[in-house]
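Colleague:
What follows is the structure in structure tokens.
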């Protein structure tokens, strides 16, 4: 707050800076929200690569895994659900950036859109979580029996389909652990600054 003052004819002292100037705490909180949302958008866009890869591989290698045909189906399903989840997350984040800071502009339509988006995101997230667990079961349970040389045997699976599914499951597990650690660190830093 500026120390410059002026005096009028009635001998009143009036500050030259606005009384409603944001405090340093509110500026830090605003920056935290903006960084958190920007970080979220970048994470979601980066993560959208995984569902696209899963969908393409699943569609291309459909029927190429006699040991368990559900592996290709898993890739297709998780790819589609992942892309839907990415789109919903981006929409929710953009809505948050556009409407929440200026709550006066949060119309009934925007409020309903946010509510429906949150409900759809929760439902798709539950489906993705269950589908992910099933994918882990279908892939990891066949790890010791799968072979990649004789396509006429029941234990065959196309090596690219199986190995890429295996690797993408591992990457997803590692990514979830990293995101969990980052979220915990951000929560600790936020609570320390309050």
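Residue numbers (the UniProt record's numbering): 1 to 194.
By construction, the Cβ of each residue, glycine as well, lies at the ideal position given by its N, Cα and C atoms.
1) Here's the rule I'm using: 16 or more other beta-carbon atoms within 10 Å means buried, otherwise exposed. How should residue 38 be labelled?
2) Compute the beta-carbon to beta-carbon distance between residue 92 and residue 118, rounded to the nearest angstrom, for a pair I have assumed lies under 8 Å.
3) Determine the direct distance from the alpha carbon of residue 152 to that of residue 88, and round the result to whole angstroms.
4) If we require 4 or more residues per run, which alpha helix (DSSP H) segments fall completely within the stretch 36-84?
5) For residue 174, does the count of other Cβ atoms within 10 angstroms reach 16, so buried, or fall short, so exposed?
6) Using CA coordinates, which residue listed in 48, 95, 122 is at the minimum distance from residue 112?
7) Could you tell me which residues DSSP pairs with residue 147 in its beta bridges?
8) How long is the line joining the alpha carbons of residue 71 and residue 192, rounded to whole angstroms?
9) If you run the structure through DSSP and keep just helix, strand and coil, what is residue 107?
10) Quick one: measure Cβ to Cβ for residue 124 and residue 81, integer angstroms, because I've assumed they're closer than 8 Å.
11) Does DSSP classify residue 141 as helix, strand or coil?
Modeller: The answer reads as follows:
1) Locating residue 38 in the chain shown gives position 38, counting from the first residue. Exposed, since its Cβ has fewer than 16 Cβ neighbours within 10 Å.
2) Position 92 of the chain shown, counted from the first residue, corresponds to residue 92. Position 118 of the chain shown, counted from the first residue, corresponds to residue 118. The Cβ separation is near 7 Å, so the contact holds.
3) In the chain shown, counting from the first residue as 1, residue 88 sits at position 88. In the chain shown, counting from the first residue as 1, residue 152 sits at position 152. In this structure, the straight-line span from the alpha carbon of residue 88 to that of residue 152 is close to 42 Å.
4) Qualifying alpha helix (DSSP H) stretches, in chain order: 49-60.
5) The residue you call residue 174 lines up with position 174 of the chain shown. Around the C-beta of residue 174, fewer than 16 other C-beta atoms lie within 10 Å, and the residue is accordingly described as exposed.
6) Along the chain shown, read from residue 1 onward, the residue named residue 112 stands at position 112. In terms of Cα proximity to residue 112, the closest of 48, 95, 122 is 95.
7) Residue numbering aside, residue 147 sits at position 147 when the chain shown is read from its first letter. In DSSP, residue 147 forms a bridge with 156.
8) Numbered from 1 along the chain shown, position 71 holds the residue referred to as residue 71. Numbered from 1 along the chain shown, position 192 holds the residue referred to as residue 192. Pairing residue 71 with residue 192, the inter-Cα distance amounts to about 45 Å.
9) Translated into positions along the chain shown, residue 107 becomes position 107. DSSP places residue 107 in coil when its eight states are reduced to three.
10) Taking the first residue of the chain shown as 1, we reach residue 124 at position 124. Taking the first residue of the chain shown as 1, we reach residue 81 at position 81. A Cβ-Cβ distance of about 6 Å is found for the pair residue 124 and residue 81, placing them in contact under the 8 Å criterion.
11) Start at 1 with the first residue of the chain shown, and residue 141 comes out as number 141. Three-state DSSP puts residue 141 in coil, outside helix and strand.
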